[in-house]
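Trainee:
There are 2 protein chains.
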Amino acid sequence: MANKVNVSVVYLAWSAFSTVVNLFFVRNLYVGGDWNLSWSKKAAAEAEAVAAISCSGHGRAYLDGLVLNGEEPICDCNSCYGGPDCSLFLPACPANADSGDPYFLEPFWMQHATSSALVVAGWHRMGYSYSDHSPNISPELESHIRTLHSVVGNAITTGRYIVFGAGSTQLLNAAVNALSSDNSSTPARIVALFPYYPVYKMQTEFFQSKNYTFEGDASLWENSTSNATMNFIEFVTSPNNPDGQLRKAVLHGHPNAKAIYDHAYYWPHFSPIPTPADEDVMIFTISKLTGHAGARFGWAIIKDEAVYERMTTYMGLNTIGVSRDSQSRALKLIKVVLEDRAREIFEFGYKIMRDRWEKLSKTLSTSKRFSLQKLAPQYCSFSQKVRAPSPAYAWLKCEREEDRDCYSALEAAGITGREGGKFGAELDRYVRLSLIRSQDDFDLLLHRLSKMPKSQGKEEGAKPL
Amino acid sequence: MANKVNVSVVYLAWSAFSTVVNLFFVRNLYVGGDWNLSWSKKAAAEAEAVAAISCSGHGRAYLDGLVLNGEEPICDCNSCYGGPDCSLFLPACPANADSGDPYFLEPFWMQHATSSALVVAGWHRMGYSYSDHSPNISPELESHIRTLHSVVGNAITTGRYIVFGAGSTQLLNAAVNALSSDNSSTPARIVALFPYYPVYKMQTEFFQSKNYTFEGDASLWENSTSNATMNFIEFVTSPNNPDGQLRKAVLHGHPNAKAIYDHAYYWPHFSPIPTPADEDVMIFTISKLTGHAGARFGWAIIKDEAVYERMTTYMGLNTIGVSRDSQSRALKLIKVVLEDRAREIFEFGYKIMRDRWEKLSKTLSTSKRFSLQKLAPQYCSFSQKVRAPSPAYAWLKCEREEDRDCYSALEAAGITGREGGKFGAELDRYVRLSLIRSQDDFDLLLHRLSKMPKSQGKEEGAKPL
Chain A
-13 MANKVNVSVV YLAWSAFSTV VNLFFVRNLY VGGDWNLSWS KKAAAEAEAV
37 AAISCSGHGR AYLDGLVLNG EEPICDCNSC YGGPDCSLFL PACPANADSG
87 DPYFLEPFWM QHATSSALVV AGWHRMGYSY SDHSPNISPE LESHIRTLHS
137 VVGNAITTGR YIVFGAGSTQ LLNAAVNALS SDNSSTPARI VALFPYYPVY
187 KMQTEFFQSK NYTFEGDASL WENSTSNATM NFIEFVTSPN NPDGQLRKAV
237 LHGHPNAKAI YDHAYYWPHF SPIPTPADED VMIFTISKLT GHAGARFGWA
287 IIKDEAVYER MTTYMGLNTI GVSRDSQSRA LKLIKVVLED RAREIFEFGY
337 KIMRDRWEKL SKTLSTSKRF SLQKLAPQYC SFSQKVRAPS PAYAWLKCER
387 EEDRDCYSAL EAAGITGREG GKFGAELDRY VRLSLIRSQD DFDLLLHRLS
437 KMPKSQGKEE GAKPL
Chain B
-13 MANKVNVSVV YLAWSAFSTV VNLFFVRNLY VGGDWNLSWS KKAAAEAEAV
37 AAISCSGHGR AYLDGLVLNG EEPICDCNSC YGGPDCSLFL PACPANADSG
87 DPYFLEPFWM QHATSSALVV AGWHRMGYSY SDHSPNISPE LESHIRTLHS
137 VVGNAITTGR YIVFGAGSTQ LLNAAVNALS SDNSSTPARI VALFPYYPVY
187 KMQTEFFQSK NYTFEGDASL WENSTSNATM NFIEFVTSPN NPDGQLRKAV
237 LHGHPNAKAI YDHAYYWPHF SPIPTPADED VMIFTISKLT GHAGARFGWA
287 IIKDEAVYER MTTYMGLNTI GVSRDSQSRA LKLIKVVLED RAREIFEFGY
337 KIMRDRWEKL SKTLSTSKRF SLQKLAPQYC SFSQKVRAPS PAYAWLKCER
387 EEDRDCYSAL EAAGITGREG GKFGAELDRY VRLSLIRSQD DFDLLLHRLS
437 KMPKSQGKEE GAKPL
């Protein structure tokens, strides 16, 4: 009898324990558990497995990354890091300060992994059209973009039209095309104030249109008396790429001049926002807002209906609008940005960019060899305070007589910048240094700059700060 | 004592049951269970919730669909269905046989929900480049496309270059641009054999290039003796849109004629594959392979390196390549296609298209009012048998004298096709009917056609088959 009692107690104890465990499992089933997940589980597990691949903090693996020998995708390493897990620093590798890949925002998105993840069903948006009246524009995304501009206060959208493009890149030529097709007897002259973003010239010249030609520096036409009969289209980049200055059109007030405002960098990461931009054609891109340059998504805010119609036609005939996958992605990312009325992402981004500019300025402050563009603190209506500069690029000038090819001078010191000459004629004394890349890129840039001789004249050997 | 024994039995039974249940839970935890999911769970649950929204089988809800009043996204209904859950048939609505949205493949993707789902992390592909040597092209995707063509046997890719575009649409003009920029004294003449895809003309004329002009019907230049000094670029669509005929270049053999082969429909859904296409420039699109027109993804297979370089430059300056989100999506979809060496999707697609053509042909077989294009069965090397026709479009001819505006004749009968006149001059007696839309669209088209009077001459009232 004693044994039977003991056995009962064991069964009782086990039953109780097991039941508690059952309840635990069942609770998780009904409260935030995953087992209501069905078709998306496998894809989610795959994505999480790839995200968990270790790249030593100097890279990341992508779901669609190169797969060697049937294994998992390889690490995509930051510049100057290598090896299977990016742990190998490559000391002879030049610091990458060339292109404007916005990796400085990558940590923000890794910190917001849950809210920024997007699951795309196999049957998602197979068709060509969102709706009959606006086939290529996601209405939810357009609505969120208008809200975004209202929250940030960096552009007027009320009463304006919006067109999407594959990055601002596509919209630049769409705008040129739209503004130059007025059956004028002579081609419109496309101008931009030096130094300007090289794509304006390269793109304009590449398409070999009958309706427009690239004419160079806008300032050359400012006071010209012969230009009364000419039609001008001026690219105005504000803040400017490469030097971060806020700008207005040089040919403002000219009777036959129209302006395309490229506001790619007009976000609180990079610029104070004194007032909402209020121009006839304003172009933005998600590349410099959230950092997703690969998504190829931008938008134009347009005042004139005829210009809007022509740009819409351009988009339709060039690419039948923008990828629906890019639009879904942009919507998800902008929703995250708007979660706290954009405070967090811009504080995150501004803090990094401001610190980088301070460090760079400090590193070069005693240098007679180099100088940076002058940027003054300015009041920002978004942050409601005076902001220190936080530009996306340094527009570095080589001051030494023998450094008239500034790009080569930096190359010799193990830094790859972007040649100033690409931004206009006779600018080889300048180099654009990208400050928006990864922390690895910026740290190495700063390190290499700090090792360069600082004083005027020919000097041998490195002189530390 | 009997009671104690009974109680023991109860505890034993419960323990056993409870333990088995726990083992079941634990098995699921370690074998395909979800609790190792973390950051992707929420997004996965959202996507599954939207997928579960009922649209009565006459539509579907999208994750980024329009949201009214803060509720879940609305149903995106098939043509002629309405109401919040698409259950309301709209009897006065014209049957949609206009655009080529490939919804006929949507059920395939719903059946393959697990394998075709894609989870995009917030930090996915933020940068501009895949690699230094080929910044805009996903190497995994390119590799899978080559495999796909090898498996299907519809194009030679060995020793060829591949360029991606936002749909074939972007690649058409990129190819024209690349083939016409040889510093010729006169613009290249762009031609295509009637009936042709209207975009060739619309796009070519829209860009107003100095280097090319649209000249119309290729057959007008076939035997012209004055064309020895002229440069021609011929669009060859094979199978053709709108009539599904396999084609070769009309100006083949002409010393100064180059051809751009548009093979959008050269897949076993729509066409026999007698032999792998082997032309200098061949363009494909995922729109007509998997049905994902919204992804805006296509590719060109190019023989000549200089042409490849120019097209790559075009892509770079037009849009900095194709959205990385579209490329990830395309890779996932093509992987699913290749799972069983493409058998399943093409059997699925071919069966539907062949059945639709049979039903349409039968419906119109006794009609003296309408005729369809003649398509003969042909041997297909992919399926290794002679295939019945399964074209994407019907190229319907109105045979009655008074139906010289065929589009309006059909419009009056509650069918919206695409006017034949858009496909070339003096083709108003024809209408293109899209057969690749949803089953709802095809059923309604067939129904409306079957209600139309069939005989020659003016007749009143409907005559059923």
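Chains as they are written, first to last, in my numbering: chain A, -13 to 451; chain B, -13 to 451.
Glycine included, C-beta positions come from ideal geometry on N, C-alpha and C.
Here's the rule: buried if 16 or more other CB atoms are within 10 angstroms of the residue's CB, otherwise exposed. What is residue 432 (chain B)?
Mentor: The residue you call residue 432 (chain B) lines up with position 446 of the second sequence. Residue 432 (chain B) should be labelled buried.
Trainee: Given a limit of 8 Å on CB to CB distance, which residues of the stretch 168 to 189 of chain B reach chain A?
Mentor: Hits within the stretch, in order: 185, 188, 189.
Trainee: Apply the 10 Å Cβ neighbour rule to residue 128 (chain A) and answer buried if 16 or more other Cβ atoms are within range, or exposed otherwise.
Mentor: Mapped onto the first sequence, residue 128 (chain A) falls at position 142. When all chains shown are included, residue 128 (chain A) counts as buried.
Trainee: Please classify residue 274 (chain A) as buried or exposed, where buried requires at least 16 neighbouring CB atoms within 10 angstroms.
Mentor: Walking along the first sequence from the start, residue 274 (chain A) turns up at place 288. Its Cβ being crowded by 16 or more others within 10 Å, residue 274 (chain A) is buried.
Trainee: How many Å lie between residue 162 (chain B) and residue 328 (chain B) at the Cα?
Mentor: By 1-based counting over the second sequence, the position of residue 162 (chain B) is 176. By 1-based counting over the second sequence, the position of residue 328 (chain B) is 342. Near 32 Å, if we compare the C-alpha coordinates of residue 328 (chain B) and residue 162 (chain B).
Trainee: Taking the continuous beta strand (DSSP E) assigned at residue 143 (chain A), which residues delimit it?
Mentor: Counted from its first residue, the first sequence places residue 143 (chain A) at position 157. Here residue 143 (chain A) belongs to no beta strand (DSSP E), and DSSP marks it neither H nor E.
Trainee: What residues in the stretch 101 to 115 of chain A have a beta carbon less than 8 Å from any beta carbon of chain B?
Mentor: Within the stretch 101 to 115 of chain A, the qualifying residues are 101, 102, 103, 104, 105, 106, 107, 108, 109, 110, 111, 112, 113, 114, 115.
Trainee: What residue does the alpha helix (DSSP H) around residue 115 (chain B) start on, and which one ends it?
Mentor: Working through the second sequence from its first residue, we reach residue 115 (chain B) at position 129. Per DSSP, residue 115 (chain B) belongs to no alpha helix (DSSP H) and is neither H nor E.
Trainee: Inspect the beta-carbon positions of residue 73 (chain B) and residue 42 (chain B) and report whether they are closer than 8 Å.
Mentor: Mapped onto the second sequence, residue 73 (chain B) falls at position 87. Mapped onto the second sequence, residue 42 (chain B) falls at position 56. Yes, these two residues count as a Cβ contact at 8 Å.
Trainee: Check whether the Cβ atoms of residue 305 (chain A) and residue 189 (chain B) sit closer than 8 Å, and answer yes or no.
Mentor: Start at 1 with the first residue of the first sequence, and residue 305 (chain A) comes out as number 319. Start at 1 with the first residue of the second sequence, and residue 189 (chain B) comes out as number 203. Going by C-beta atoms, residue 305 (chain A) is not nearer than 8 Å to residue 189 (chain B).
Trainee: Which whole runs of the beta strand (DSSP E) in the stretch 62 to 136 of chain A are 3 residues long or more, in chain order?
Mentor: Taking only runs of at least 3 residues, the beta strand (DSSP E) segments lying wholly in the stretch 62 to 136 of chain A are 104 to 106.
Trainee: Identify each residue in the stretch 128 to 156 of chain B for which the Cβ-Cβ distance to at least one residue of chain A is less than 7 Å, and report them in chain order.
Mentor: Those residues of the stretch 128 to 156 of chain B that come within reach of chain A (Cβ to Cβ, closer than 7 Å) are 152, 153, 155, 156.
Trainee: What first and last residue would you give for the beta strand (DSSP E) that runs through residue 364 (chain A)?
Mentor: By 1-based counting over the first sequence, the position of residue 364 (chain A) is 378. Counting along the chain, the beta strand (DSSP E) containing residue 364 (chain A) begins and ends at 364 to 366.
Trainee: What in chain B is Cβ-close to residue 69 (chain A), meaning under 9 Å?
Mentor: For this step, residue 69 (chain A) is matched to residue 83 along the first sequence. Chain B residues near residue 69 (chain A): none, gap ~17 Å exceeds 9 Å.
Trainee: Tell me, which residues are paired with residue 384 (chain B) by DSSP?
Mentor: The count along the second sequence starts at 1 and reaches residue 384 (chain B) at position 398. B:356, per the DSSP bridge assignment.
Trainee: Would you say the stretch 361 to 375 of chain A touches the stretch 330 to 344 of chain A, given that touching needs at least three Cβ pairs under 8 Å?
Mentor: With a cut-off of 8 Å, the stretch 330 to 344 of chain A and the stretch 361 to 375 of chain A count as touching, because enough Cβ pairs lie within range.
Trainee: Which residues, in order along the stretch 341 to 373 of chain B, keep a beta-carbon less than 7 Å from a beta-carbon of chain A?
Mentor: The stretch 341 to 373 of chain B vs chain A, Cβ under 7 Å: nothing.
Trainee: Quick check on the burial criterion: 16 or more other C-beta atoms within 10 angstroms. Buried or exposed for residue 205 (chain A)?
Mentor: In the first sequence, counting from the first residue as 1, residue 205 (chain A) sits at position 219. Exposed is the call here.
Trainee: Please check if any C-beta of chain B sits within less than 8 Å of the C-beta of residue 96 (chain A).
Mentor: Stepping through the first sequence from its first residue, residue 96 (chain A) is reached at position 110. So yes, residue 96 (chain A) belongs to the interface.
Trainee: Under the three-state reduction of DSSP, which class applies to residue 440 (chain A): helix, strand or coil?
Mentor: By 1-based counting over the first sequence, the position of residue 440 (chain A) is 454. The answer is coil: DSSP assigns residue 440 (chain A) none of H, G, I, E or B.
Trainee: Between residue 332 (chain A) and chain B, is any beta-carbon pair separated by less than 8 Å?
Mentor: Here residue 332 (chain A) refers to the residue found at position 346 of the first sequence. Taking Cβ atoms only, chain B never reaches closer than 8 Å to residue 332 (chain A), which makes this a no.
Trainee: If I'm right that residue 131 (chain A) touches residue 320 (chain A) with Cβ under 8 Å, what's the distance once you round it to whole angstroms?
Mentor: Locating residue 131 (chain A) in the first sequence gives position 145, counting from the first residue. Locating residue 320 (chain A) in the first sequence gives position 334, counting from the first residue. Yes, they are in contact, since the Cβ atoms of residue 131 (chain A) and residue 320 (chain A) sit about 7 Å apart, within 8 Å.
Trainee: Using a Cβ-Cβ cutoff of 9 Å, what residues of the stretch 40 to 60 of chain A are near chain B? List them in chain order.
Mentor: Answer in chain order: 46, 48, 49, 50, 51, 52, 53, 59.
Trainee: So, is the C-beta of residue 194 (chain A) closer than 8 Å to a C-beta in chain B?
Mentor: Against the first sequence, residue 194 (chain A) aligns to sequence position 208. Yes, contact with chain B.
Trainee: Going by beta-carbon coordinates alone, are residue 495 (chain B) and residue 268 (chain A) separated by less than 8 Å?
Mentor: Not covered by the structure: residue 495 (chain B). The range shown for chain B is -13 to 451.
Trainee: Can you check whether the CB of residue 122 (chain A) is closer than 8 Å to the CB of residue 301 (chain A)?
Mentor: On the first sequence, position 315 is the one that residue 301 (chain A) refers to. On the first sequence, position 136 is the one that residue 122 (chain A) refers to. Yes.
Trainee: For the pair the stretch 249 to 257 of chain B and the stretch 220 to 227 of chain B, tell me if three or more CB-CB distances fall below 8 Å.
Mentor: Touching, yes.
Trainee: Does chain B have any CB closer than 8 Å to the CB of residue 465 (chain A)?
Mentor: Absent from the model: residue 465 (chain A). The displayed extent of chain A is -13 to 451, so no value can be given.
Trainee: Drop a sphere of 10 angstroms on the beta-carbon of residue 56 (chain A), count the other beta-carbons inside from all chains shown, and report buried for 16 or more, exposed for fewer.
Mentor: Within the first sequence, the letter at position 70 stands for residue 56 (chain A). Exposed is the call here.
Trainee: Do you know whose CA, among A:137, A:146, A:114, lies nearest residue 289 (chain A)'s CA?
Mentor: Reading the first sequence from its first residue, position 303 is the one you call residue 289 (chain A). The candidate whose alpha carbon is nearest that of residue 289 (chain A) is A:146.
Trainee: Only counting the same chain, and skipping five residues up and downstream in sequence, which positions put a Cβ closer than 8 Å to that of residue -4 (chain B)?
Mentor: Taking the second sequence and counting its residues from 1, one reaches residue -4 (chain B) at position 10. Once the five neighbours on either side are set aside, residue -4 (chain B) has no close Cβ partner at all.
Trainee: Leaving aside the five residues before and after residue 53 (chain A) along the sequence, list all residues of the same chain whose C-beta is less than 7 Å from its C-beta, in chain order.
Mentor: Sequence index remark: in the first sequence, residue 53 (chain A) carries index 67 (1-based). Result list for residue 53 (chain A): 59, in chain order.
Trainee: With a threshold of 16 other CB atoms inside 10 Å of the CB of residue 390 (chain B), please say whether the residue is buried or exposed.
Mentor: The residue given as residue 390 (chain B) occupies position 404 in the second sequence. Classification for residue 390 (chain B): exposed.
Trainee: Can you pull out the residues from the stretch 246 to 280 of chain A whose beta carbon lies closer than 7 Å to at least one beta carbon of chain B?
Mentor: If the cut-off is 7 Å between Cβ atoms, the stretch 246 to 280 of chain A has 277, 278, 279, 280 near chain B.
Trainee: How about residue 311 (chain A): is its C-beta nearer than 8 Å to some C-beta of chain B?
Mentor: The residue given as residue 311 (chain A) occupies position 325 in the first sequence. Yes, because at least one Cβ of chain B sits closer than 8 Å to the Cβ of residue 311 (chain A).
Trainee: Judging by CA-CA distance, which residue of B:138, B:133, B:106 is the nearest neighbour of residue 368 (chain B)?
Mentor: Numbered from its first residue, the second sequence carries residue 368 (chain B) at position 382. Among B:138, B:133, B:106, the Cα nearest to that of residue 368 (chain B) belongs to B:138.
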